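Number of protein chains: 2
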Amino acid sequence: MKSQRSECPISQSLDVWGDKWSLLIIRDLMTAKQLTYGDFLKAPEGIATNILAARLLMLEENGLIEKLDHPESKAKVLYRLTGKGIDLVPVMIEINLWAEKHFTIPADRKAMLKEVKKDKEGFIKAGMKELRRS
Amino acid sequence: MKSQRSECPISQSLDVWGDKWSLLIIRDLMTAKQLTYGDFLKAPEGIATNILAARLLMLEENGLIEKLDHPESKAKVLYRLTGKGIDLVPVMIEINLWAEKHFTIPADRKAMLKEVKKDKEGFIKAGMKELRRS
DNA sequence: ATACTTGCTTGCGTTTTGCAAGTGCAAACA
DNA sequence: TGTTTGCACTTGCAAAACGCAAGCAAGTAT
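Residue numbers (this note's numbering), protein chains in the order written: chain A, 1 to 134; chain B, 1 to 134.
Spelled out as C-alpha cells, the structure:
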C-alpha cells in the first residue's frame, strides 16, 4: 500500500483502498456516520488493532476519512468520511448488488437493496446527502 | 484469502476479489475479453508470475473466470469472464467514475467515461451484453 | 532432433498480517 | 488526591503472503 503502480483508474483506486480491510472501515462509516477507534474493533470481522491503526492512518492520509474531536471526551476520537470517502457510496451500492446476486446475504441488507432497486439514483443521492450533513 | 469473515455482502465480496490484483485481472478481461497467461503478465502493473497463478486459480474456483482451450494451440490457455465476473461491470464502472473525480487518469479512460455519463445504464448493459457474446 | 515458447512451480529473502501484551493519557472513582 | 478504569493506539514476535529469479514439463517451430 505504498506507491502508485500505474495510471489506470482501477489500479490507482486499489492503491488507496484495495486491501482486505479499508472498504469495511468505510462501510462502517457509511452506516454509522461517526465512529470511535473502539467501535471499529467491534465489527464482526474482527480487525486487529495494529492493522486498524495503520488503515485509519492511510485512509486519513489519502483524504477518505478525517478525525474530529469527540464532543464529550478528549480521550475519545471520532472518525468520519470526507467528501472523497462519501463519493464511494455508488461503488459500495454496486458491490452490495453484486453480492446479493451471487451470495447469501442477511435479510436486512436485502431489504435495503430492495429500496435501492426502486430508484437507484435517488437512493444514492439521498444517502450521500445524508452523510454530508453529519 | 481463505475463509469467510462475515455474512456482510461487502465482506463476502472482498473475500473473493478484495486483494491487490484480482480486480486488475478482471479489468484486463473486461477490456480484452479473452487473454492468455502471458497476456496478464504484460499488464503495466507487473504482477509476479506465482501470484498471477494463485489469483487465476482462486478466481476460477470462485467462478468469476473460466479457462478454455486456445483455438490454435494446445500450449496456450485462454481465460475469460463468467457471468458472475461480467456482473462486476457496474462495480468497475463506478470505481472508474470515482477515480476520475479524485485522481488524474489517462485521456482514453476519460473519453470512455464521457460516454458512460451520457447514458450509464445503457452503456453498462451494452458492455455486459458484448462480453457475454465472446 | 533441437531450440524456443507457454504456462506454470519452486526456493527463498522481504514485507505484511495477526495475535497478545504493553504504554500513555484522560476521565471516573474512592 | 491517589487509584483504578477506559480509550487510542504501539510494540514484539511468529505466521502468512508477497515478489523476484530460476526451473520445468508439455507443445510448437525449425
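For every residue, glycine included, the Cβ atom is placed at its ideal position computed from N, Cα and C.
Here the structure is a predicted model, which is why all the values come from computation and not from measurement.
Exercise for review: Please state if the CB of Ile65 (chain A) and the CB of Ile95 (chain B) are separated by a distance shorter than 7 angstroms.
Suggested key: Your numbering for residue 95 (chain B) matches position 95 in the second sequence. Your numbering for residue 65 (chain A) matches position 65 in the first sequence. Going by C-beta atoms, Ile95 (chain B) is not nearer than 7 angstroms to Ile65 (chain A).
Review point. Quick one: does Val91 (chain A) have its CB under 7 angstroms from some CB of chain B?
Key: For the purposes of this step, residue 91 (chain A) is taken as the residue at position 91 of the first sequence. Val91 (chain A) counts as touching chain B.
Exercise for review: Go ahead and pull the three-state DSSP assignment for Arg5 (chain A).
Suggested key: To locate residue 5 (chain A), count along the first sequence from 1; it is residue 5. The answer is coil: DSSP assigns Arg5 (chain A) none of H, G, I, E or B.
Review point. Between the stretch 77-89 of chain B and the stretch 98-114 of chain A, do at least 3 Cβ pairs fall closer than 8 angstroms?
Key: yes
**Study point:** Residues that DSSP places opposite Ile65 (chain A) in a beta bridge
**Key:** Looking up residue 65 (chain A) in the first sequence gives position 65. The partner list for Ile65 (chain A) (beta bridge, DSSP) reads A:Leu81.
Check your understanding: Does the distance from the CB of Asp15 (chain B) to the CB of Gln4 (chain B) come in under 7 angstroms?
Key -> On the second sequence, position 15 is the one that residue 15 (chain B) refers to. On the second sequence, position 4 is the one that residue 4 (chain B) refers to. Against a cut-off of 7 angstroms, the Cβ pair of Gln4 (chain B) and Asp15 (chain B) comes out as a contact.
Exercise for review: Report all residues from its chain with a CB closer than 7 angstroms to the CB of Lys76 (chain A); omit the five preceding and five following residues, and keep chain order.
Suggested key: Numbered from its first residue, the first sequence carries residue 76 (chain A) at position 76. Contacts found: Thr36, His70.
Exercise for review: Would you please verify whether the beta carbon of Gln12 (chain B) is less than 7 angstroms from any beta carbon of chain A?
Suggested key: Residue 12 (chain B) sits at position 12 when you count from the first residue of the second sequence. So yes, Gln12 (chain B) belongs to the interface.
Review point. What is the residue span of the alpha helix (DSSP H) that Lys117 (chain B) lies within?
Key: Against the second sequence, residue 117 (chain B) aligns to sequence position 117. Residues 107-118.
Review point. Is the distance from the Cβ of Leu78 (chain B) to the Cβ of Gln12 (chain B) below 7 angstroms?
Key: One-based indexing of the second sequence puts residue 78 (chain B) at position 78. One-based indexing of the second sequence puts residue 12 (chain B) at position 12. No, these two residues do not count as a Cβ contact at 7 angstroms.
Practice item. Closer than 9 angstroms by beta-carbon distance: list the chain B residues that pair up with Arg109 (chain A), in chain order. Key: As a working note, residue 109 (chain A) is residue 109 in the first sequence. Per Cβ cutoff of 9 angstroms: Glu7, Cys8, Pro9.
Review point. Given that Ala99 (chain A) touches chain B, what residues does it touch there, using C-beta distances under 8 angstroms?
Key: Position 99 of the first sequence holds residue 99 (chain A). Those are Pro9, Ile10, Gln12, Ser13, listed as they occur along chain B.
Practice item. With a threshold of 16 other CB atoms inside 10 Å of the CB of Ser134 (chain B), please say whether the residue is buried or exposed. Key: The residue given as residue 134 (chain B) occupies position 134 in the second sequence. Exposed is the call here.
Review point. CB Trp98 (chain B) to CB Val116 (chain A), shorter than 7 angstroms?
Key: Translated into positions along the second sequence, residue 98 (chain B) becomes position 98. Translated into positions along the first sequence, residue 116 (chain A) becomes position 116. No, these two residues do not count as a Cβ contact at 7 angstroms.
Exercise for review: Give the DSSP-derived three-state secondary structure of Thr36 (chain B) in the structure shown.
Suggested key: As a working note, residue 36 (chain B) is residue 36 in the second sequence. Looking at Thr36 (chain B) - three-state DSSP - the assignment turns out to be coil, as it is neither helix nor strand.
Check your understanding: Once you ignore the five residues that flank Leu29 (chain B) on each side, which residues in its own chain have a CB closer than 8 angstroms to its CB?
Key -> Against the second sequence, residue 29 (chain B) aligns to sequence position 29. The residues are Leu35, Ile65, Tyr79, Arg80, Leu81, Gly85.
Check your understanding: Taking Glu45 (chain A) as the reference, which of A:Leu59, A:Ile25, A:Arg55 has the closest Cα?
Key -> As a position in the first sequence, residue 45 (chain A) is number 45, starting the count at 1. Measuring from the Cα of Glu45 (chain A), the nearest candidate turns out to be A:Ile25.
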